[in-house]
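Going by this note's numbering, the letters in the sequence shown line up with residues 18 to 537, in that order. For reference, the structure is listed below as C-alpha cells.
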Amino acid sequence: MNYKVIKKVSKAMMVGAMLMSPFGCSDFLNEQAPSNLTPDNFYTIPDHAEAALASVYADLRFYGGGAGIFSSNWQLLEALTGTSTTETAQNSDLNNLYSLVHDGFTAHVVNYWNGLFKVISQANQVIDRVPPINPMPEAQKKKILGEARYLRAQAYFTAVQLWGDIPLITKPQTAGSEDFLPKRANKEEVYKLIVDDLLAAEAAGLPWMDVSGRVTLAAAKTLLAKVYLTMAGFPLNKGASHYKLAADKAFEVITYANANPGVINLFTNYEDLHREATENRVEHLFMLQYHATVAGNPMDNYFPNFKPVTFNGPGGTGSSVPTLTFYNSYEKGDLRAKNQEGFFYTSYFTNGSGAPFELGAPYVFKHFNRLALGTAGAPGTRQNHLNVPVIRYAETLLIYAEAQNEVGGPTADAYAALKRIRDRAQLTTPALGTFSQTTFREAVWRERWHELAYEGITWFDMVRLRKVYNEKTNGFDNFVGHINLSSNQPLQEKHLLLPLPKPEMLNNPNLTPQNPGYPN
Numbered sequence: 018m019n020y021k022v023i024k025k026v027s028k029a030m031m032v033g034a035m036l037m038s039p040f041g042c043s044d045f046l047n048e049q050a051p052s053n054l055t056p057d058n059f060y061t062i063p064d065h066a067e068a069a070l071a072s073v074y075a076d077l078r079f080y081g082g083g084a085g086i087f088s089s090n091w092q093l094l095e096a097l098t099g100t101s102t103t104e105t106a107q108n109s110d111l112n113n114l115y116s117l118v119h120d121g122f123t124a125h126v127v128n129y130w131n132g133l134f135k136v137i138s139q140a141n142q143v144i145d146r147v148p149p150i151n152p153m154p155e156a157q158k159k160k161i162l163g164e165a166r167y168l169r170a171q172a173y174f175t176a177v178q179l180w181g182d183i184p185l186i187t188k189p190q191t192a193g194s195e196d197f198l199p200k201r202a203n204k205e206e207v208y209k210l211i212v213d214d215l216l217a218a219e220a221a222g223l224p225w226m227d228v229s230g231r232v233t234l235a236a237a238k239t240l241l242a243k244v245y246l247t248m249a250g251f252p253l254n255k256g257a258s259h260y261k262l263a264a265d266k267a268f269e270v271i272t273y274a275n276a277n278p279g280v281i282n283l284f285t286n287y288e289d290l291h292r293e294a295t296e297n298r299v300e301h302l303f304m305l306q307y308h309a310t311v312a313g314n315p316m317d318n319y320f321p322n323f324k325p326v327t328f329n330g331p332g333g334t335g336s337s338v339p340t341l342t343f344y345n346s347y348e349k350g351d352l353r354a355k356n357q358e359g360f361f362y363t364s365y366f367t368n369g370s371g372a373p374f375e376l377g378a379p380y381v382f383k384h385f386n387r388l389a390l391g392t393a394g395a396p397g398t399r400q401n402h403l404n405v406p407v408i409r410y411a412e413t414l415l416i417y418a419e420a421q422n423e424v425g426g427p428t429a430d431a432y433a434a435l436k437r438i439r440d441r442a443q444l445t446t447p448a449l450g451t452f453s454q455t456t457f458r459e460a461v462w463r464e465r466w467h468e469l470a471y472e473g474i475t476w477f478d479m480v481r482l483r484k485v486y487n488e489k490t491n492g493f494d495n496f497v498g499h500i501n502l503s504s505n506q507p508l509q510e511k512h513l514l515l516p517l518p519k520p521e522m523l524n525n526p527n528l529t530p531q532n533p534g535y536p537n
C-alpha cells in the first residue's frame with residue numbers, strides 16, 4: 018500500500034460528496050466542521066456513508082490523471098497493445114511503453130498502482146465503517162456496501178491482471194497497522210476476494226441500470242462473468258468449470274436484456290456510444306463519470322497532433338493514434354471503420370464546425386464528443402462532460418459467445434451473440450454450421466479486438482489468452498514473440514506482468530522480489 022495513499026484517504030473521504038453529483042450532503046455539512054472530522058467520528062449517519070462512497074467513485078478518475086507531458090494514465094493500457102502509436106514522441110515514459118522498455122519508474126506504472134490502491138483504501142473504509150451506522154435503513158446500507166465491494170473488486174481485478182501477486186488489503190490501514198508494510202498475496206487469494214465481493218454486490222439489491230452512474234446489477238453480473246472468463250485462461254487455467262460460470266453469468270444479463278430491450282441493448286448506431294445524452298443507459302452498463310465543472314473527459318490525447326478538429330483550433334497531442342495496420346484490419350464494409358460513423362475519423366470540420374478537411378490518417382473517434390467539441394455547422398459547447406465507458410453490453414455478448422463456445426463448441430445462442438455484434442457493423446456472418454470450435458473461437462476474438470479497441474480492454478485479452486491479433490494475417494500469434502507493429506518490437510515473457518513500481522518497493526521491502534525480467 019502506498020504511504021501517500023494512507024495519509025490522503027481520510028481527507029479525500031470527507032470531500033468525496035462534492036465530486037459525485039448524485040449524492041446529497043446538506044445534512045452531512047451541518048454536522049460539524051470538516052476539519053474536525055476523522056474516520057472515527059465521521060460514520061454516524063447515512064449521509065456520511067453516501068459521502069464516503071462518493072469519494073470512492075471520484076477516485077476512479079485516476080484513470081484520466083496526467084502522466085507527464087502529452088500523456089494520461091489510461092495510455093498505459095493502450096500503448097502496450099500495438100494497436101496505437103504516437104505522433105509526438107515527447108513523453109519518454111510513454112515512449113518506453115510503446116517500445117516495451119518500461120520499468121518500475123515509468124510514470125504510468127507508478128500512477129496506476131497508486132490510483133488502484135487508493136480506490137481499494139477508500140472502499141475498505143466504507144466496507145468497514147458503514148455496518149455499525151445506526152439508525153440507517155438496511156436496504157440503503159446493503160446497497161452502499163454492495164457498491165463499495167464492486168468498486169474494490171474492479172480495482173483488485175485490474176491490479177491482479179497487471180502485476181500478478183499483489184498485497185491483499187481488506188481493512189482500513191494506519192501507520193500502526195500490522196499489515197502497513199504488506200507482503201504480496203498469491204493471485205488465487207486475490208481472485209477469491211474479487212469473486213466474493215462481486216457475489217455480494219450482485220445480492221445487494223442494485224437496480225439493473227442506473228442513469229446516475231452508480232454501480233448496476235448488469236455491471237456486477239458482467240464483471241463477474243469477465244472475472245470467471247479470465248480465471249478460465251492464463252495464469253490460473255481453471256478451464257471448463259469457469260468457462261461455464263462465465264457463460265451462465267453473462268447469459269443472465271442477456272436473458273434480462275432480451276426481455277427488456279428498452280433497458281439493456283446494443284445502441285442502434287455507434288454515435289450513441291459517445292453522446293452525453295446516452296450516458297449510463299442501454300449499452301453503457303458502467304462508466305467513469307465526468308463533468309467539466311469537476312473533471313472533464315480525459316481522452317483528448319486521442320486528438321490528432323496540431324490539426325484543427327475542435328474549437329481550440331490547431332492543437333491536440335496525437336500521443337495515442339491508431340496504427341494504420343490495425344485500422345486496415347477491419348473487414349471491407351465494416352461500419353466501425355467508416356469515417357465519422359464508426360470508431361474512427363479520417364476527415365473533420367475546421368475548428369470543429371467549419372469547412373471539412375482531410376486528416377491524412379485515421380484517428381480514434383470513439384471518445385469524440387461532438388456536442389462539446391463541435392460538428393458541421395454547430396460550434397461546440399466547450400464543456401466536455403462525456404463519460405468514459407468501462408463495461409458495455411457488447412462485451413457481455415462477446416463474453417458469452419467465447420465462454421459458451423469453450424464449454425461445448427458453437428451453439429445457436431453463442432452464434433446469435435456474435436452475430437448481433439457483426440450485424441450492427443453491417444457485416445455478413447458465415448452460417449453457424451460452417452464454424453468449428455476453433456474457427457468460432459478466433460471469430461469471437463477478432464470481434465473483441467475490433468469492437469472493444471481503445472477501451473482499455475485489449476491488453477487484458479492478450480494476457481489472459483497468451484495470444485495477440487496479427488493485423489497482417491488476420492490470425493493470432495503466441496504472445497511471446499509477437500511483433501507489436503507500433504514499434505516493431507517483440508513481446509517477451511516478462512511483459513505478461515508489469516514491473517512493480519520502484520518507489521513503492523523502496524518504501525516497502527516486503528514487496529520483493531520484483532516481477533521476473535525487470536531490474537530490482
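We put the beta carbon where it would ideally sit given N, CA and C, even for glycine.
Secondary structure of Gly-391 (DSSP, three-state): coil. For Pro-427, there is no enclosing alpha helix (DSSP H), as DSSP marks it with neither H nor E. Counted as a single uninterrupted DSSP element, the beta strand (DSSP E) harbouring Asp-494 occupies residues 493-495. Per DSSP, the beta bridge partners of Gly-332 are Lys-324.
In its chain, beyond the 5 residues on either side, Thr-247, Phe-477, Val-480, Arg-481 have a beta carbon closer than 8 Å to the beta carbon of Gln-178. For Ala-264 and Thr-187, the gap between their C-alpha atoms comes out near 29 Å. Arg-409 carries a strand assignment under DSSP once its states are collapsed to helix, strand and coil. Between Ser-101 and Asp-440, the alpha-carbon positions lie close to 26 Å from each other. Straight through space, the alpha carbons of Ser-503 and Gln-107 are spaced by roughly 16 Å. When DSSP reads this structure, Asn-527 sits in no beta bridge, so it has no partner.
The beta carbon of Ala-84 is closer than 6 Å to those of Asn-90, Ala-124, His-125, Asn-128 in its chain, skipping five residues each way along the sequence. Beta-bridge partners assigned by DSSP to Met-304: Pro-406. Taking the Cα of Asn-505 as reference, the smallest distance to any Cα among Asp-76, Ile-211, Leu-97 is reached at Leu-97.
For the pair Gln-92 and Asn-329, the CB atoms are not nearer than the 8 Å cut-off. By the beta-carbon neighbour count (other beta carbons within 10 angstroms, threshold 16), Val-228 is exposed. DSSP places Thr-363 inside the beta strand (DSSP E), whose first and last residues are 361-366. By the Cβ rule, the segment 148-165 counts as touching the segment 210-227, because three or more pairs are nearer than 8 Å. The DSSP-derived three-state label of Lys-489 is coil.
By DSSP's assignment, Ala-202 forms a beta bridge with Ile-183.
The three-state reading of DSSP puts Pro-507 in strand, counting E and B together. As the crow flies, the alpha-carbon of Val-424 is around 11 Å from that of Ala-249. Counting C-beta atoms within 10 angstroms of its own C-beta, Asn-345 has fewer than 16 neighbours from the protein chains shown and is therefore classed as exposed.
Here the C-alpha atom of Lys-511 lies approximately 13 Å from the C-alpha atom of Leu-114. Linking Met-316 to Pro-152 through their CA atoms gives a straight-line distance of about 42 Å.
The continuous beta strand (DSSP E) containing Gly-377 extends over residues 373-381.
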